[in-house]
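Some notes on the structure that comes next.
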Amino acid sequence: MAIESYTFGRIVIKGQAYTSDLIIYPHRVDARWWRKEGHRLQPVDLEEVVREKPEILVVGTGYFGHMKVPPETSDYLRSQGIEVIAERTQEAWQTYNRLSQNRKVVAALHLTC
Numbered sequence: 001m002a003i004e005s006y007t008f009g010r011i012v013i014k015g016q017a018y019t020s021d022l023i024i025y026p027h028r029v030d031a032r033w034w035r036k037e038g039h040r041l042q043p044v045d046l047e048e049v050v051r052e053k054p055e056i057l058v059v060g061t062g063y064f065g066h067m068k069v070p071p072e073t074s075d076y077l078r079s080q081g082i083e084v085i086a087e088r089t090q091e092a093w094q095t096y097n098r099l100s101q102n103r104k105v106v107a108a109l110h111l112t113c
């Protein structure tokens, strides 16, 4: 499921524009994703991702990188066998496109700040 474009607050996936934070799974998009603490990603925010069992989770931390991935969240994901790549969303969407061509990848993307 390739991402076509990203700008602050807007992402286009398979011709559909989204304006809220989302999680991209191999065969669907969850456009209702929100974190318990907004700009601090916690394991509880990723329960469905863990159930999906991806090889890699690409986290888009926002246009300016304001969403943080605390070490305990990264450690938890690694303990579940999930590699974590966290970067600003303008890089993360391209990383997701590249890696998802031949691996099971999920992207959790913060679209604004």
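Residues in the sequence shown are numbered consecutively from 1, following this note's numbering. Yeah, the Cβ is synthetic: ideal placement off N, Cα and C, and Gly gets one too.
With DSSP as the reference, identify every bridge partner of residue i, one or two as the case may be.
i            : result
leucine 57   : Val84 and Val106
glutamine 68 : Checking the sequence, you will find lysine at residue 68 rather than glutamine. BP columns for lysine 68 point to Arg40.
aspartate 30 : Ile23
So what's residue i in DSSP terms, helix, strand or just coil?
i             : result
threonine 7   : strand
tyrosine 25   : strand
glutamine 42  : coil
valine 12     : strand
alanine 17    : strand
alanine 92    : helix
serine 100    : coil
threonine 112 : coil
tyrosine 63   : coil
arginine 78   : helix
arginine 51   : helix
Can you tell me the Cβ-Cβ gap for residue i and residue j, rounded? I've got them flagged as a contact below 8 Å.
i             : j             : result
tyrosine 76   : threonine 112 : Contact flag wrong, Cβ pair sits at about 25 Å.
glutamate 58  : serine 74     : The sequence given here has valine at residue 58, not glutamate. That pair is no contact at about 13 Å.
glutamate 52  : valine 106    : 6 Å
alanine 31    : threonine 61  : No, alanine 31 and threonine 61 are not in contact; Cβ-Cβ is about 18 Å, not under 8 Å.
isoleucine 24 : proline 54    : Incorrect: roughly 10 Å between the Cβ atoms, too far for contact.
Kindly confirm or deny that the segment 61 to 73 and the segment 95 to 105 touch, where touching means at least three C-beta pairs closer than 8 Å. The way I'd put it, the segment 61 to 73 doesn't touch the segment 95 to 105; fewer than three beta-carbon pairs between them come closer than 8 Å.
Given 8 Å, three or more beta-carbon pairs between the segment 37 to 53 and the segment 1 to 11: For the pair of segments examined, the segment 37 to 53 was found not to touch the segment 1 to 11: the number of CB pairs separated by less than 8 Å stays below three.
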